[in-house]
Each structure stands twice: as structure tokens, then as C-alpha cells.
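In our numbering, the protein residues as written are 8 to 335.
We put the beta carbon where it would ideally sit given N, CA and C, even for glycine.
These numbers were taken from a predicted model, which means no experiment stands behind them.
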């Protein structure tokens, strides 16, 4: 019996099936990992996957930390609305990682992806992990059908700067340091190599990994990944009223909002985000204006415009800042 125990078993508090009318099928599997702060974007990402893959049976697996009853109810609404399989894995307080390495505003929930392939091994040999700050804009069947026979995962290389810094730091060949926001896992090979246990050993070894889970995942899967094109993880940065997600290549399948400026922050809202938000159970939620608790991102942007002598843009965005500030 001991051989059947998983390293992750000690972290699971409860498993909830959110739509008892739909059984987990032999279709494809997608996992999200989040705490209560990212429940809304996770829900919108899930909706975007369903809309762009109407003829594919997809089972969703939510690995959650401190999820509120209201947000859980919203996911139950989605499960019934789309008549799809959604399973929620509640994590207990035993789940912890070295807090010193959670820099750059990284949440402990991001490390939940370490346990995904282990928990789901008996359900599926393949699972697609998606960050909550992603939106699907294309069909994913081409990704689900990739051959991972001898690879632990399929991933998309990160930007050049990350190759030159993080990749070089950990001895990863140039071009192979990947962004961990989209990972198509081979659960069998992951577990054969006992990588859940190894990732926790690394994250808690006393070293500070600047990009936490991403650095650790790159280390344990070094040179054992299948590299995908950026269509499957289009790293997108937003500017005020920029709607950059409407300008990605037509071949793009997944948009990933990689900076602190998220489409649910008022000045960065996009038409694509609004489409899903206004049709979601979260539609009455008050969206934040700031991208953090201390700095007004829109005011900083206005100042930048003035500094660059783009006075009309500076005035325009400072007015937006004032209007939104006094609405609060």
C-alpha cells in the first residue's frame, strides 16, 4: 500500500465534483491552480477554453487554496451552464513552501502545479496546466495530440532576457528555458521520475529562486521538454487602453498576460476580457483600478507620457486616473 501513496496526498483536504450530472470522461484534461484572489480570472480562462473548443470533451481540474464559498458557487454555475466536468481539489494548511523565494508578488498557490501530474496520474496520462491569467483564442486539439512519449512536458520558450539570465544561471541550453504559464504534462513520465517530491525539495532547500516555481520546473525538466511555438503561450503585455490582445497573430491559441498589468485592472481592460467578464458569474464584481496597493499605475503612465513629451496622451490618462480615483 505504501507504494500507492503519493507525496501530494498529505496536501489534499477535499475533492469536490461540481457537476454530478457529468462524469469525468476520456476526453482531454486541463488544470488551474489558484487562491481566492485569482478565482475570477481562472473562471474566465475556463470559459474561453470551452468557447473555442466546442466539439472537444474537456475535464477541468481546479487546485485551490482558501477558495470562498461564493467563488466555489460561481464555478458550480459554470459547470452546470456548460454541462462540463469540473473537479475542485481543496488544499489544506500542510501545503507550504519557502516564503523567502516567493518574491515578485508570487503567490504560494502558483506552486500547486507541482502536485497536478501526481494527483491526476490515475485519471489521465496527459494534462494541460494553464495559468489563470491566460485566455484561449483558438482550438487546442493540435496541442492535445502532440507526441510526448519520451518528453516530460511540452512547453513554450520564454523571452530572450530570461534565456540569458535564468536559463544561463541554471545551465539550461539557450532557447530551452520555458515560461511555466502553459505546460502540457506527461503525468506518467513526471511520476516515474518522482518530480513532485524533487520540486518540493528544491523550492524548500533554502535557496531563493527569483521566479520560484518556474525556475524549479525548468531545473527538474531540463532537456526533457518538447518545445512549442509561441502560438500556445503568446506572452502579452498590456498598456492603458491598448487592447494588445486583439493584435496577436491569427494563429495564436493561448494569450498569456505576463506583466503586473492585468486585463481586470481598470485602465488595462480589453474588449476580449470584457466579453468573458460580462457573460460570467463574476459580472457584478467591482474590478480593481490599481495593479498593487501602493502605486497608481495609470498615474505613473501619465507621468511617463509627460516625460516623453506626449502631452495629449499624458493629459488624457491623468484625467482617467482622476475620474477613476474619485469614483472609488
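Please determine, among 277, 266 and 269, the residue with the shortest C-alpha to C-alpha distance to residue 254. For residue 254, the closest C-alpha among the options 277, 266 and 269 is that of 277.
Option in 267, 182, 246 and 241 with minimal Cα separation from residue 257: Scanning 267, 182, 246 and 241 for the CA closest to the CA of residue 257 turns up 241.
Alpha carbon to alpha carbon, what distance is there between residue 316 and residue 77? Residue 77 and residue 316 have their C-alpha atoms roughly 47 Å apart.
If we require 3 or more residues per run, which beta strand (DSSP E) segments fall completely within the region 146-183? Listed in chain order, they are 160-164.
So is residue 66 buried or exposed if we call it buried at 16+ other beta carbons inside 10 Å? Counting the other Cβ atoms within 10 Å of the Cβ of residue 66 gives 16 or more, which makes it buried.
Going straight from the alpha carbon of residue 183 to that of residue 289, what length do you get? A direct Cα-to-Cα measurement between residue 183 and residue 289 gives close to 37 Å.
Are the CB atoms of residue 69 and residue 95 nearer to each other than 8 Å? Taking 8 Å as the Cβ cut-off, residue 69 and residue 95 qualify as a contacting pair.
In terms of DSSP beta bridges, what is residue 263 paired with? Checking the DSSP bridge columns, you'll see residue 263 partnered with 141 and 242.
Under the three-state reduction of DSSP, which class applies to residue 33: helix, strand or coil? Reduced to three states, the DSSP call for residue 33 is coil.
Leaving out five residues before and five after residue 181 in sequence, what residues of the same chain have Cβ atoms less than 7 Å from its Cβ? The answer, listed in chain order, is 170 and 174.
On the DSSP letters alone, give me the boundaries of the alpha helix (DSSP H) that residue 97 sits inside. For residue 97, there is no enclosing alpha helix (DSSP H); the residue is found in the beta strand (DSSP E) stretching over 92-98.
Anyone know if the C-beta pair for residue 26 and residue 93 falls short of 8 Å? The Cβ atoms of residue 26 and residue 93 sit closer than 8 Å to each other.
Assumed close pair residue 36, residue 127 - CB separation to whole angstroms, cut-off 8 Å: That belief holds up - the Cβ atoms of residue 36 and residue 127 are roughly 7 Å apart, short of 8 Å.
Leaving aside the five residues before and after residue 247 along the sequence, list all residues of the same chain whose C-beta is less than 7 Å from its C-beta, in chain order. So the qualifying residues of the chain are 274, 275, 305, 308 and 324.
Who are residue 68's beta bridge partners in DSSP? Paired residue(s): 38 and 94.
Distance, Cα to Cα, residue 100 vs residue 116? Their Cα atoms are separated by approximately 12 Å.
Outcome for residue 286 when other beta-carbon atoms lying within 10 angstroms are tallied against a minimum of 16: Burial call: exposed.
So what does DSSP say about residue 249, is it helix, strand or coil? It is coil, neither helix nor strand.
For residue 206, name the three-state secondary structure that DSSP assigns. If DSSP states are grouped into helix, strand and coil, residue 206 belongs with the helices.
Which of the three DSSP states, helix, strand or coil, is assigned to residue 325? Residue 325 sits in a helix when the DSSP states are folded into three classes.
When DSSP builds the beta bridges, which residues end up paired with residue 19? Within the DSSP secondary-structure output, residue 19 pairs in a beta bridge with 98.
Please state if the CB of residue 179 and the CB of residue 229 are separated by a distance shorter than 8 Å. With respect to the 8 Å criterion, residue 229 and residue 179 are classified as neighbours on the basis of their beta carbons.
Could you check where the alpha helix (DSSP H) with residue 56 kicks off and where it finishes? 46-59 is the extent of the alpha helix (DSSP H) around residue 56.
Tell me, please, which residues DSSP counts as bridged to residue 193. Answer by DSSP bridge pairing, in chain order: 133.
How is residue 233 classed by DSSP in three states: helix, strand or coil? If DSSP states are grouped into helix, strand and coil, residue 233 belongs with the strands.
8 Å contact criterion, which residue 122 and residue 231 should meet: CB distance rounded: About 19 Å separates the two Cβ atoms, so there is no contact after all.
Tell me which residues share the same chain as residue 23 and place their Cβ nearer than 6 Å to its Cβ, disregarding the 5 neighbours each side in the sequence. For residue 23, where only same-chain residues beyond five positions count, the Cβ hits under 6 Å are 95.
Just to confirm, are residue 55 and residue 139 a CB contact at a threshold of 8 Å? Cβ distance not < 8 Å, so residue 55 and residue 139 don't count as in contact.
If we ignore side chains and look at the alpha-carbon of each, how far apart do residue 168 and residue 197 end up? Using only the alpha carbons, I get a separation of about 28 Å.
With 16 other Cβ atoms within 10 Å as the buried cut-off, status of residue 329: Counting Cβ neighbours within 10 Å, residue 329 comes out exposed, since fewer than 16 surround it.
Using only alpha-carbon positions, find the residue among 98, 238 and 145 that is nearest to residue 62. Selected option, being the one with the closest Cα: 145.
Mapping DSSP to helix, strand and coil, what is residue 186? Three-state result, residue 186: strand.
Need the endpoints of the alpha helix (DSSP H) that residue 219 sits in, please. Residue 219 -> alpha helix (DSSP H) spans 219-227.
Considering only the beta carbon of each residue, do residue 206 and residue 189 sit closer than 8 Å? Result no, Cβ atoms of residue 206 and residue 189 do not sit closer than 8 Å.
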